[in-house]
Structure formats: structure tokens, C-alpha cells
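The structure under discussion appears below in the form of C-alpha cells.
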Ligand SMILES: NC(=O)c1ccc[n+]([C@@H]2O[C@H](COP(=O)([O-])OP(=O)(O)OC[C@H]3O[C@@H](n4cnc5c(N)ncnc54)[C@H](OP(=O)(O)O)[C@@H]3O)[C@@H](O)[C@H]2O)c1
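In the numbering used here, the protein residues as written are 24 to 294.
In C-alpha cells, the structure reads:
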């Protein structure tokens with residue numbers, strides 16, 4: 024038996040897994056069915072369950088509200104219920120984009136301010152888990168995931184594949200997924216519970232990221248500086264700017280590297 028069981032087989036599980044991890048894809052375990060989730064957790068008997076199953080595309084969530092609610096809200100509710108029955112630690116991957124605005128720093132106590140259906144579904148899951156009455160849970164909130172491993176939804180892969188990008192200079196928190204993996208292991212080792220923002224120190228703007236991509240992996244990228252209001256007119260659903268506090272994470276002894284150092288590392292090791 025392996026210690027960790029992960030639901031969902033997307034970008035994050037591909038990096039946060041180790042030799043003690045079993046990953047179940049949607050075809051192996053559909054989290055919208057509590058019976059299937061129960062069978063999976065009973066079969067694997069893990070010490071920790073990590074939920075990475077989600078509908079993450081904003082436009083898809085907007086167009087398929089019921090289906091995305093079922094995965095993003097009902098899914099974690101199902102997993103929580105079985106983890107509580109079996110007294111297994113439950114880690115749910117939430118999101119830093121529950122907050123809207125980079126003129127303030129969002130802590131774990133800041134009330135969510137969802138702006139699109141995706142963030143509503145994530146907010147409801149967080150609220151349910153927090154109020155259910157089972158204490159052995161972690162809700163982790165990363166923000167703007169980057170990684171050295173290419174993936175269609177890795178921000179670096181997206182930017183690197185473009186010819187022209189309209190980039191804003193608004194500052195945002197960043198989470199390097201390889202660092203997120205260390206954060207998860209650290210919090211498990213500390214038997215931490217509750218909500219934790221999980222991001223690197225300091226901030227970066229999409230313009231900063233695009234500029235470094237141009238210098239390293241895509242010299243032909245044309246970067247057009249755009250202001251936030253103009254960007255919002257170009258896209259169907261609102262993208263928020265968010266700065267997260269990671270002080271609670273660091274108060275447990277975790278040492279975070281800066282977003283800039285993490286970005287340099289990802290680009291140097293990009294594959
Ligand atoms: N992506 C980001 O930048 C970001 C930022 C902050 C937080 N997060 C959160 O981090 C977590 C992991 O994100 P990610 O980037 O790894 O997402 P991802 O690459 O989009 O992967 C999501 C996975 O969930 C699976 N899935 C969908 N419906 C399912 C179901 N009913 N049962 C089981 N699995 C199902 C998907 O399978 P199919 O592909 O077959 O549908 C896919 O393998 C998510 O909770 C996300 O909300 C992501």
C-alpha cells in the first residue's frame with residue numbers, strides 16, 4: 024500500500040507525486056460518484072488523500088455549470104465524506120484566484136470574492152470542507168502555477184508557444200509546482216490542518232514572465248504591454264489579479280524561494 028492517493032491526473036499530480044503515491048485518473052475514479060470514491064479509498068487505504076481532480080478551464084466551467092459544479096464542489100465533498108469516515112487526512116487543492124485585487128494582500132482569513140463560475144465552485148468546496156466538522160483537512164491555495172515541465176496549461180508553455188502576447192504589468196503571486204510539492208510534503212510532515220496559501224515569496228507580472236521567456240526559450244516572442252482594463256475587454260471571462268500572503272505557511276518553518284528565483288529555475292530546467 025502506498026501512503027498517498029491522488030485524485031485527478033493533470034498537471035499538478037504529474038509533479039507532486041513520489042514513489043509513495045498512487046494517482047487515479049478520471050477513468051479510474053470519477054470523483055462525482057461517492058460510491059466510486061469510497062471503493063477507491065477502501066482499496067488503496069492511504070494515509071493521505073490529495074484531491075487534484077477539477078474542471079480548471081474558465082470558459083468550459085462557465086458553459087457547463089452543472090458539470091463543473093459536480094467535479095469542483097461535489098467531488099471534494101464526496102472525498103471529504105469518505106476521508107472523515109476512514110479517518111484519513113484530506114488535502115484539497117483550492118485556488119488563490121478566489122480573491123480579486125492586487126491592491127491588498129489576501130490571507131487565509133480574507134473572505135473569498137469569486138468573480139466567475141470556476142471560482143464560485145472552488146469557494147463552495149472550501150466552505151463545505153471548513154464547516155463539515157472533520158478537522159484533519161488541508162485546503163491549499165496555489166496561484167498561477169508555473170513549472171519546468173511543459174504542459175498545455177503551464178503558464179510558461181502557453182507563453183512560450185505564442186508569437187505575440189498582450190501582457191499586463193499587474194503584480195501577482197506565483198506558485199512553482201515543484202516548490203508546491205515541497206510545501207505539501209512539509210505540511211504533511213508538520214501534520215498541519217486548515218487553510219494555507221501556497222505561493223513563492225514576492226510577486227511577478229505576466230509582462231515580467233513573458234520578458235524572461237523571450238530572453239530564454241522563445242526569442243521571437245513579441246510582447247505588447249497592455250493595461251488591465253484593455254486585457255479584460257479581449258477575454259470572455261474575468262481574470263483576477265491576486266497577491267497572497269504566505270506568512271502562515273512560513274510560520275510552520277517552510278522557507279520559500281522568491282517567484283523570480285523559481286521562474287529562473289523553471290526556465291533553466293525547462294523540458
Ligand atoms: N491550473 C492552475 O493554474 C491552477 C491554479 C490554482 C489552483 N489550481 C487547482 O489545482 C488543482 C490541480 O490543477 P491542475 O492544473 O492539475 O488541473 P488539470 O491539469 O486541469 O487537471 C485536472 C484533472 O482532473 C481530472 N478530472 C476532471 N473531472 C474529473 C472527475 N469527474 N473525476 C476525476 N478526475 C477528473 C481531469 O481529467 P480530464 O482531463 O480527463 O477531464 C484532469 O486530469 C485543481 O484543483 C485546480 O483548481 C490550478
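Just so you know, even glycine gets a beta-carbon here, dropped at the ideal spot from N, CA and C. Here the structure is a predicted model, which means the values were calculated and not measured.
Which value, in whole angstroms, describes the spacing of the CA atoms of residue 114 and residue 258? Along the chain shown, read from residue 1 onward, the residue named residue 114 stands at position 91. Along the chain shown, read from residue 1 onward, the residue named residue 258 stands at position 235. Spanning the two alpha carbons is a distance of roughly 32 Å.
Just to confirm, are residue 232 and residue 179 a CB contact at a threshold of 9 Å? Taking the first residue of the chain shown as position 1, residue 232 is located at position 209. Taking the first residue of the chain shown as position 1, residue 179 is located at position 156. Their beta carbons are under 9 Å apart, which means residue 232 touches residue 179 by this criterion.
Inter-residue spacing [alpha-carbon to alpha-carbon] between residue 173 and residue 38: Counted from its first residue, the chain shown places residue 173 at position 150. Counted from its first residue, the chain shown places residue 38 at position 15. Taking the straight line from one Cα to the other gives about 11 Å.
Spatial neighbours of residue 198 in its chain, beta-carbon cut-off 7 Å, leaving aside the 5 residues before and after: Position 175 of the chain shown, counted from the start, is the residue given in the question as residue 198. Cβ neighbours of residue 198 beyond the five flanking positions: 165, 166, 167, 168, 221, 222 and 223.
Among 280, 182, 276 and 130, nearest to residue 211 - alpha-carbon criterion: Mapped onto the chain shown, residue 211 falls at position 188. With distances taken between Cα atoms, residue 211 lies closest to 276.
Same chain only: Cβ atoms within 6 Å of residue 45, ignoring 5 sequence neighbours per side: Counting from one through the chain shown, the residue named residue 45 turns up at place 22. Cβ neighbours of residue 45 beyond the five flanking positions: 25, 28 and 67.
Proximity test, residue 53 beta-carbon vs ligand 1 heavy atom, cut-off 8 Å: On the chain shown, position 30 is the one that residue 53 refers to. Indeed, a heavy atom of ligand 1 lies less than 8 Å from the Cβ.
Which of helix, strand or coil does DSSP assign to residue 304? Examination of residue 304 is not possible in this model, given that the chain is present from 24 through 294 alone.
Taking only three categories from DSSP, how would you classify residue 294? Residue mapping note: residue 294 aligns to position 271 of the chain shown, counting from 1. Coil, per DSSP.
From 289, 265 and 54, residue whose alpha carbon lies closest to that of residue 16: There is no way to answer for residue 16, as the model of the chain reaches only from 24 to 294.
What is the C-beta distance between residue 104 and residue 71, in whole angstroms, given that I count them as a contact (C-beta under 8 Å)? As a working mapping, residue 104 is identified with position 81 in the chain shown. As a working mapping, residue 71 is identified with position 48 in the chain shown. Not a contact, Cβ separation roughly 16 Å.
Taking 9 Å as the cut-off, decide whether the C-beta atoms of residue 152 and residue 207 are in contact. As a first step, residue 152 must be located in the chain shown, where it is residue number 129. As a first step, residue 207 must be located in the chain shown, where it is residue number 184. No, they are not a contact pair.
DSSP three-state call for residue 219: helix, strand or coil? Your numbering for residue 219 matches position 196 in the chain shown. Three-state DSSP puts residue 219 in a strand.
Going by other Cβ atoms of all chains shown within 10 Å of its Cβ, with 16 needed for buried, is residue 245 buried or exposed? The residue you call residue 245 lines up with position 222 of the chain shown. Classification of residue 245: exposed, given that the 10 Å Cβ count is below 16.
In whole angstroms, what is the alpha-carbon distance linking residue 41 and residue 128? To locate residue 41, count along the chain shown from 1; it is residue 18. To locate residue 128, count along the chain shown from 1; it is residue 105. For residue 41 and residue 128, the distance between alpha carbons rounds to 33 Å.
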